[in-house]
Amino acid sequence: MDEGKAKIIDEIISKYASRTGRVLSVLEELQEKEGYLSKESLKYISTRLNVPLSDLYSVATFYSFFNLKRAGKNIITICMGTACYVKGAPKLLEELEKLLKVKEGETTPDGSFTIRSARCFGACSMAPVIRVNDRTYGFMSPERLPAFLKLYGWKQG
Amino acid sequence: MISLRIDGRLIKAEEGERVLQIAIREGIDIPHLCYHEAFEEPYGSCRLCIVELKEGGSSRITTSCTLMAREGMEIKTDTPEVIKHRKLLLELYLAQAPLSNNIKKLAERYGIKGTRFHKTLNLEDPLGGKCILCGLCIRACREIIKASAIGYIGRGEATRINTPFLEENPDCIGCGSCANICPTEAISFEDRDKRRIMRSWSNTQVNLKICKLCGHPFTPEPLWLKVKEKSTYTPSEEIEEVCPNCRIKIVSKRLVKPYSL
Ligand code: SF4
Ligand code: FES
Ligand code: FES
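Here the protein sequences line up with chains A and B, keeping their order. Counting in my numbering, the first sequence runs from 220 upward without gaps. Counting in my numbering, the second sequence runs from 4 upward without gaps.
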């Protein structure tokens with residue numbers, strides 16, 4: 220664990236003094252800062268908060284909000300909720316995997332895109348819905364995907 | 004003291020005692036998987052221990068491991084309704100743990116041989132096809148051994164139990180309490196040479212303590228250290244770090260000596 224990282228975590232921890240809800244708050248803030256929770260970070264937090272690593276790992280794998288792998292610059296999340304699923308989300312995912320040449324959960328080798336899936340963004344009326352980083356796009360179709368990807372610097376090839 | 008009836012039998016119990024606990028003590032058989040007397044608090048996850056409770060004119064089905072005894076309660080452990088639910092549960096368990104002999108036996112007792120549900124068989128998971136996620140192993144490791152080496156991973160259908168990052172975990176002391184308490188015999192480990200290998204827990208390896216007399220490994224070293232630290236009993240130097248077999252020899256020699264003089 221390098222000192223810089225340790226300092227970041229110490230700072231986050233110092234903000235949450237109360238015992239209740241501390242673990243989640245700390246993990247959440249670190250996830251927001253770093254984009255993911257590294258093994259080293261979790262181990263460090265475990266000793267600092269005196270919480271077993273197995274607990275932290277349970278929490279980190281339970282909530283889909285947390286990532287254990289470093290994600291790409293742009294995160295594309297496909298909604299697989301019921302409405303979107305019915306409206307063709309699996310086809311979207313298939314096309315996206317074909318275009319980016321990586322599978323769901325993976326990141327492109329150049330580190331620019333990560334594909335994820337989630338359950339219902341609460342925007343079912345616009346199904347099927349995808350999210351790029353924190354923007355949501357409705358009425359998506361496989362045909363419209365390339366144009367969207369280009370907005371985020373993707374080049375066909 | 005209060006009194007309640009279980010299957011018609013009048014039984015005395017302490018107020019607040021759990022009905023399953025009382026039944027076990029009285030020799031009344033209620034099937035259960037996630038209850039263990041080692042824990043103060045019941046967990047109520049397996050649902051198999053359901054019974055019918057009649058109280059004040061109404062009746063309902065509830066889990067007996069979580070049910071606190073009250074004066075005048077009437078409990079029936081095997082009404083047709085209870086049996087019906089239990090059978091369905093067992094069918095679900097057969098799908099979740101098709102490789103567990105204990106589950107098969109339990110199901111057979113209720114005349115259930117197959118399951119209509121889709122069988123889960125994740126062969127990448129060392130507990131796959133056996134674990135019912137009752138949580139006993141995690142609780143034993145955490146609450147009793149205080150090692151917290153394992154935990155639930157993921158959620159929903161994909162939930163399983165293992166060490167963090169599916170890597171060897173130095174928090175594990177190799178005590179085997181998890182394997183001991185598991186109702187489906189899902190957990191395995193083996194002692195090879197001077198090490199215990201926790202097969203189910205990402206092959207976590209733990210050193211075994213060597214008997215100073217015969218040189219055989221006899222117990223996981225970290226467990227030995229823990230017991231030594233906790234125990235108020237100090238063994239005489241003669242039997243310290245000696246395996247049970249050699250201890251028996253030493254002690255019996257001591258006992259025999261006066262007569263052989
Ligand atoms: S491994 Fe055994 S004790 Fe642990 S949760 Fe699964 S069934 Fe229960
Ligand atoms: S199902 Fe996709 S937004 Fe609700
Ligand atoms: S023993 Fe009561 S729910 Fe498992």
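Glycine residues also receive a C-beta, built at the ideal position from the N, C-alpha and C atoms.
Cβ separation of residue i and residue j, assumed to be a contact under 8 Å, to the nearest whole Å
i, j, result
"ASP174 of chain B", "ALA152 of chain B", "4 Å"
"PRO223 of chain B", "ILE176 of chain B", "6 Å"
"GLU314 of chain A", "PRO361 of chain A", "4 Å"
"THR280 of chain A", "SER336 of chain A", "Incorrect: roughly 16 Å between the Cβ atoms, too far for contact."
"ALA110 of chain B", "THR187 of chain B", "Actually they are not in contact, since the Cβ atoms of ALA110 of chain B and THR187 of chain B sit about 12 Å apart, beyond 8 Å."
"GLU58 of chain B", "ARG8 of chain B", "At roughly 11 Å, the Cβ-Cβ gap does not stay under 8 Å, so GLU58 of chain B and ARG8 of chain B are not in contact."
"ILE294 of chain A", "THR333 of chain A", "5 Å"
"PRO347 of chain A", "LYS306 of chain A", "4 Å"
"TYR276 of chain A", "GLY154 of chain B", "6 Å"
"LYS258 of chain A", "ILE227 of chain A", "Not really, about 16 Å apart at Cβ, beyond 8 Å."
"THR118 of chain B", "ALA150 of chain B", "About 35 Å separates the two Cβ atoms, so there is no contact after all."
"GLU94 of chain B", "LYS79 of chain B", "About 22 Å; that fails the 8 Å criterion."
"VAL351 of chain A", "PHE367 of chain A", "7 Å"
Close beta carbons around residue i, own chain, < 6 Å, minus the five adjacent residues each side
i, result
"GLU74 of chain B", "ILE5"
"GLU323 of chain A", "ILE334 and SER336"
"ALA302 of chain A", "CYS343 and ALA346"
"SER180 of chain B", "ALA143 and ILE148"
"GLU18 of chain B", "ILE5"
"ASP32 of chain B", "none"
Those residues which DSSP pairs with residue i across a bridge
i, result
"GLY154 of chain B", "B:ASN165"
"TYR356 of chain A", "A:ILE349"
"GLU77 of chain B", "B:ARG8 and B:LYS57"
"LEU13 of chain B", "B:ARG8"
"CYS298 of chain A", "A:ALA337"
"ARG199 of chain B", "B:ASP194 and B:VAL209"
"MET71 of chain B", "B:ARG21"
"PRO223 of chain B", "B:LEU211"
Residue i in three-state terms, based on DSSP
i, result
"VAL54 of chain B", "strand"
"GLN208 of chain B", "strand"
"ALA110 of chain B", "helix"
"ASP274 of chain A", "helix"
"THR333 of chain A", "strand"
"ASN248 of chain B", "helix"
"ASN269 of chain A", "coil"
"ASN293 of chain A", "strand"
"PHE42 of chain B", "coil"
"PRO309 of chain A", "helix"
"ARG257 of chain B", "helix"
"THR118 of chain B", "coil"
"ARG238 of chain A", "coil"
"ILE64 of chain B", "strand"
"THR326 of chain A", "strand"
"GLY159 of chain B", "helix"
"TYR304 of chain A", "helix"
Residue i CB to nearest heavy atom of ligand 2 below 7 Å
i, result
"VAL348 of chain A", "yes"
"THR333 of chain A", "no"
"PHE221 of chain B", "no"
"GLY376 of chain A", "no"
"GLY307 of chain A", "no"
"CYS303 of chain A", "yes"
"CYS298 of chain A", "yes"
"CYS343 of chain A", "yes"
Beta-carbon proximity list for residue i, same chain, < 7 Å, skipping 5 on both sides
i, result
"ILE184 of chain B", "HIS39, LEU139, CYS140 and ALA143"
"LEU102 of chain B", "GLY132 and LYS133"
"CYS246 of chain B", "CYS214, CYS217, HIS219 and PHE221"
"GLU241 of chain B", "ILE253"
"LEU36 of chain B", "CYS49, LEU51, ILE135, CYS137 and PRO186"
"LEU258 of chain B", "none"
"ILE225 of chain A", "Here residue 225 of chain A is Ala; the residue named in the question, Ile, does not match the sequence. Result list for ALA225 of chain A: TYR263, in chain order."
"CYS68 of chain B", "ARG21, LEU23, HIS35, TYR38, PRO45, GLY47 and CYS52"
"SER331 of chain A", "GLY291, LYS292, ASN293 and GLY372"
Proximity test, residue i beta-carbon vs ligand 3 heavy atom, cut-off 7 Å
i, result
"GLY47 of chain B", "yes"
"HIS35 of chain B", "yes"
"TYR155 of chain B", "no"
"CYS288 of chain B", "The displayed coordinates of chain B run from 4 to 264. Any statement about residue 288 of chain B would go beyond what the structure contains."
"ARG50 of chain B", "yes"
"TYR38 of chain B", "yes"
Near ligand 1: residue i beta-carbon under 7 Å from a heavy atom
i, result
"LEU136 of chain B", "yes"
"THR166 of chain B", "no"
"ILE184 of chain B", "yes"
"ALA189 of chain B", "yes"
"LEU315 of chain A", "no"
"CYS175 of chain B", "no"
"CYS144 of chain B", "no"
Own chain residues within Cβ distance below 8 Å of residue i, not counting five before or after
i, result
"LEU256 of chain A", "LEU246, LEU249, GLN250, ALA279, PHE285, ASN286 and LEU287"
"ILE29 of chain B", "The question names Ile, yet the displayed sequence has Glu at residue 29 of chain B. Within the same chain, GLU29 of chain B has close Cβ partners ILE9, ARG12 and ILE14."
"GLU193 of chain B", "ARG199, ILE200 and ARG202"
"LEU312 of chain A", "ILE297, MET299, GLU323, ILE334 and SER336"
Min CB distance residue i to chain D below 8 Å
i, result
"THR280 of chain A", "Looking at the structure shown, chain D is missing, and the protein chains on hand are A and B."
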